[in-house]
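The sequence shown: position 18 = 572 (the numbering used here), numbered continuously. Report on one structure; see the data block that follows.
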Amino acid sequence: MADDNGHQDPYLDRLKESINPTMQPATIIQLAYLGCALTREQYRHAWASTTDKGIRAMLNAVAAAQHQGWAA
555 MADDNGHQDP YLDRLKESIN PTMQPATIIQ LAYLGCALTR EQYRHAWAST
605 TDKGIRAMLN AVAAAQHQGW AA
């Protein structure tokens with residue numbers, strides 16, 4: 555996956571490719587770690603700023619992993 559400057563980001567590529575119903579435990583841990591680093595506002599901004607379904611799926615997985623940790 556390329557960023558706005560055309561640079562490839564293999565870490566995001568690996569996360570994007572691993573979003574599926576048979577997610578590996580290590581991937582779930584990675585997503586939870588990402589979720590810990592995101593505030594709810596950052597998540598919402600990131601989700602709203604893209605139309606890429608893979609990125610949105612990754613962000614949805616992060617939100618699901620962190621749902622209990624975010625204040626209402």
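The C-beta atom is built at its ideal place from N, Cα and C for all residues, glycine as well. What you are looking at is a predicted structure, and each value in this text was computed from that prediction instead of being measured.
Environment of residue i [buried if 16+ CB atoms lie within 10 Å]
i: A615; result: buried
Within 9 Å, strictly: CB atoms of residue i and residue j
i: R598; j: T604; result: no
Proximity test, residue i beta-carbon vs the ligand ADP heavy atom, cut-off 8 Å
i: A600; result: Among the components modelled here there is no ligand, and therefore nothing to report on the ligand ADP.
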